[in-house]
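Numbering (my numbering), first residue to last: 324 to 784.
Reviewing the structure listed below.
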């Protein structure tokens, strides 16, 4: 089920909210757990069993870690078992096809063996990382063990962020799972935030995706650059829009999730960009991989190695494909260069130069991210740095989408939010903000009526 669908907006969400607030507080986690299962099983009921197995096994691991908390070796063995099982689930469903394909490429006699297609369960990369953070935090003593199954199952399967994040660490919501106090103001803020995210997805991201589709095969360099810029806007507004909707839905249910984006396209370095983009994933890798490897504590060569490992894993987390591995290594190289010397130079350089440098290498990274076929990537890069005039069809598309490109550029900076905030703080501005939100919602619903099924980009991760 997709947030930006009529079935969710007009049936599932109103029904869940009505049931939630009609249910006595002590039973609300139970209700949430049940509606979470309905949400996840709507399109893929068979994978409900997989998620339930993940919930039950990690619930048991948490209890065992707590039971053996004073027995270091036994506690460590339980943690290792939990990590192996979680990574085994993720590895089988996400990487088995990729590994089997590599083995067939290396060993010709295996090429006659048929490879069954293994479907990827939606959201597995997200909920596996959440369950791993739970067992690791309980092991470290950073989070309390959850002794009741329903609250833990609710945490793992919570529908607002189940499919595409943000990745919520248990310690950040442990108290909220036990006792959360909803309010009218929080609910209203949740509606506003959800509407903003829906507008990002329907009114900007989907339209930028159409422009990218039109210009992807454009033979001119200018057309290819504009098309790639459209894709950069598409993935930002698509993913940040989902995060906004997830955070808004959480607020409607009394939860407070941490922010996942902070205007990443205003960054002056790649290092800064990754502090602003998909913050929950960067935080996860920093806390559970980078720091345990030694972080910044063991000298520069070890730091560079740690960066390489983390970003190779980050690339593979996004998908079992060579382009994602290369994408991760590409950013690892840029981050290592910045750490060695470039950041010091960027700190002294003019602001515009830092922005230009960052946007250029980000666009190159997004090209690597999009094209799973390396020959297609090389062909696109050839067009990107080639010449030629924009085709008549390309000119029509660019001129038609130019106003929306400008809107996307402004909306990807804090400028629009600041202006909106100042207007909203006035007496008449409050009414105007409500009217603007309602108008955006009407536009989104109207657009949904004419658009085909268009899931979020990060659903496939």
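A virtual CB, placed ideally from N, CA and C, is assigned to each residue, including glycine.
Classify residue i as buried or exposed, calling it buried when 16 or more other Cβ atoms lie within 10 Å of its own Cβ.
i	result
residue 582	exposed
residue 330	exposed
residue 338	exposed
residue 486	buried
residue 394	exposed
residue 491	buried
residue 608	buried
residue 369	exposed
residue 471	exposed
residue 396	exposed
residue 422	exposed
residue 621	exposed
residue 729	exposed
residue 613	buried
residue 661	buried
residue 425	exposed
residue 736	exposed
residue 441	exposed
residue 591	buried
residue 732	exposed
residue 437	exposed
Among the options, which one has its Cα closest to the Cα of residue i?
i	options	result
residue 611	690, 394, 457 and 620	457
residue 481	763, 359, 495 and 507	359
residue 625	640, 654, 659 and 607	659
residue 381	410, 361 and 355	410
residue 509	524, 621, 488 and 570	570
residue 695	664, 460, 638 and 765	638
residue 402	334, 454, 656 and 635	454
residue 469	496, 489 and 452	496
residue 640	452, 365 and 521	452
residue 511	348, 760, 770 and 773	760
residue 405	602, 622 and 376	376
residue 601	586, 592 and 613	586
residue 473	536, 535 and 353	353
residue 488	524, 633 and 567	567
residue 770	366, 527 and 689	527
residue 706	591, 425, 551 and 685	551
residue 444	758, 418 and 431	418
residue 683	555, 719, 740 and 773	555
residue 663	675, 652 and 627	627
residue 708	656, 719, 687 and 355	687
residue 593	558, 379 and 678	678
residue 483	685, 513 and 507	513
residue 373	340, 720, 704 and 416	416
residue 605	433, 651 and 738	651
residue 340	557, 572 and 745	572
residue 719	636, 538, 739 and 558	538
residue 656	681, 439, 630 and 673	630
residue 603	690, 493, 517 and 365	493
residue 400	384, 689 and 413	384
residue 273	522, 674 and 557	Absent from the model: residue 273. The displayed extent of the chain is 324 to 784, so no value can be given.
residue 379	478, 704, 325 and 431	478
Along the chain, where does the alpha helix (DSSP H) containing residue i start, and where does it finish?
i	result
residue 587	Taken as a continuous stretch (DSSP letters only), residue 587 belongs to no alpha helix (DSSP H), as it is neither H nor E.
residue 324	No alpha helix (DSSP H) contains residue 324, which DSSP labels as neither H nor E.
residue 417	395–429
residue 530	529–538
residue 607	602–608
residue 718	715–734
residue 473	472–480
residue 519	507–522
residue 497	493–501
residue 352	351–364
residue 381	371–390
residue 344	336–345
residue 567	544–575
residue 449	447–463
residue 698	697–707
residue 596	593–599
Output yes if chain B places a C-beta closer than 9 Å to the C-beta of residue i; else output no.
i	result
residue 724	Here chain B cannot be found, since the structure has a single protein chain.
Tell me, please, whether the region 552–563 touches the region 696–713 by the rule of three or more beta-carbon pairs shorter than 8 Å. Counting Cβ pairs under 8 Å, fewer than three are found: no touch.
Would the region 668–679 and the region 433–448 be scored as touching if the rule is three or more Cβ pairs under 8 Å? Between the region 668–679 and the region 433–448 there are fewer than three inter-stretch CB-CB distances shorter than 8 Å, so the stretches are not counted as touching.
Between the region 644–656 and the region 691–701, do three or more beta carbon pairs fall short of 8 Å? Touching, yes, given that three or more Cβ pairs across the two stretches are closer than 8 Å.
Is it true that the region 565–581 meets the region 494–506, where meeting means three or more beta-carbon pairs spaced less than 8 Å apart? Yes, the region 565–581 is in contact with the region 494–506.
Is the number of C-beta pairs between the region 459–471 and the region 377–391 that are closer than 8 Å three or more? Flag = yes, the region 459–471 and the region 377–391 touch.
Can you confirm whether the region 614–621 touches the region 756–771 when touching is taken to mean that 3 or more C-beta pairs between the two stretches lie within less than 8 Å? In short, these stretches do not touch, since the Cβ pair count stays below three.
Mind pulling the alpha helix (DSSP H) runs of 4 or more residues that sit fully within the region 601–680? Correct list: 602–608, 623–641, 645–660 and 666–671.
May I ask you to verify whether the region 541–554 touches the region 584–598, counting CB pairs closer than 8 Å and requiring at least 3? Counting C-beta pairs with one atom in each stretch, the region 541–554 and the region 584–598 have fewer than three that are closer than 8 Å, which means they do not touch.
Could you tell me whether the region 723–740 touches the region 516–536, where touching means 3 or more Cβ pairs closer than 8 Å? Because the criterion of three Cβ pairs below 8 Å is met, the region 723–740 and the region 516–536 touch.
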